[in-house]
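Novice: Please read through the structure below; I'll follow up with questions.
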Amino acid sequence: MVPEHWIPHRRQDDGELLGYLVPVEEGVFAPVTVFGHPLGEAGDREDVERTLDAVGLSYLADRWMLQLPERDEPIAVQLVEASPERLVVQNVDFGYEGDYGTRFHLDVPETGRLRRA
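According to our numbering, the sequence shown is numbered sequentially starting from -17.
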């Protein structure tokens, strides 16, 4: 679950949660997804809000790479469920020795095991 001090940022048109502004220091914030993955450089509030608006929820459709503790190479995954409380990804990597479609439940905020492909 995301920390309480993170500031939610919602789309102006419909109020949909796009991500969060994470306070870094006085007047400086970092943009992150709804599940806490970094989306860009830290900056002032206005810049970070612009970043979140520009990215929107497009990251939900992206392919991601998941680092597993037992493998040297990450595997390709897609997001199945992403929210401030829960993150579930699914294996879409034919080269992975596990079953295609295997689901992995990850911590929120995301701890650095994921990166965009």
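Beta carbons: idealized from backbone N, C-alpha and C, even for Gly.
Take E92 as the anchor and find which of Y78, R85, A64 has the nearest alpha-carbon.
Specialist: By one-based count along the sequence shown, residue 92 stands at place 110. Selected option, being the one with the closest Cα: A64.
Novice: From P20, A24, Y2, pick the residue whose C-alpha is nearest to that of V10; which is it?
Specialist: The sequence position of residue 10 within the sequence shown is 28, counting from 1. When each option's Cα is compared against that of V10, the closest is A24.
Novice: Just how far apart, CA to CA, sit R(-8) and P(-15)?
Specialist: Position 10 of the sequence shown, counted from the first residue, corresponds to residue -8. Position 3 of the sequence shown, counted from the first residue, corresponds to residue -15. Their backbone Cα atoms lie some 17 Å apart in a straight line.
Novice: Work out the CA separation of G77 and G83 for me, nearest whole Å.
Specialist: As a working mapping, residue 83 is identified with position 101 in the sequence shown. As a working mapping, residue 77 is identified with position 95 in the sequence shown. Between G83 and G77, the C-alpha separation is close to 12 Å.
Novice: Could you tell me which of V62, V74, D35, G80 sits nearest to D(-5), measuring between CA atoms?
Specialist: By 1-based counting over the sequence shown, the position of residue -5 is 13. Of V62, V74, D35, G80, the residue nearest in Cα terms is D35.
Novice: If you count every other CB in all the chains shown that lies within 10 Å of the CB of V71, and 16 or more means buried, which is it?
Specialist: The count along the sequence shown starts at 1 and reaches residue 71 at position 89. Its Cβ being crowded by 16 or more others within 10 Å, V71 is buried.
Novice: Can you list, in chain order, the residues of its chain whose CB lies under 7 Å from that of L(-1), leaving out five sequence neighbours each side?
Specialist: In the sequence shown, the residue the question calls residue -1 occupies position 17. For L(-1), where only same-chain residues beyond five positions count, the Cβ hits under 7 Å are P(-10), R(-8), V16.
Novice: For G80 and R98, I'd like the C-alpha separation in whole angstroms.
Specialist: Taking the sequence shown and counting its residues from 1, one reaches residue 80 at position 98. Taking the sequence shown and counting its residues from 1, one reaches residue 98 at position 116. G80 and R98: Cα-Cα distance of roughly 21 Å.
Novice: Note the first and the last residue of the continuous alpha helix (DSSP H) segment covering L96.
Specialist: Here residue 96 is taken as the residue at index 114 of the sequence shown, counted from 1. Taken as a continuous stretch (DSSP letters only), L96 belongs to no alpha helix (DSSP H), being part of the beta strand (DSSP E) at 96 to 98.
Novice: Quick check on V6: buried or exposed, where buried means 16 or more other Cβ atoms within 10 Å of its Cβ?
Specialist: Residue mapping note: residue 6 aligns to position 24 of the sequence shown, counting from 1. So V6 counts as exposed.
Novice: So, helix, strand or coil for L69, using DSSP?
Specialist: Position 87 of the sequence shown, counted from the first residue, corresponds to residue 69. Correct three-state label for L69: strand.
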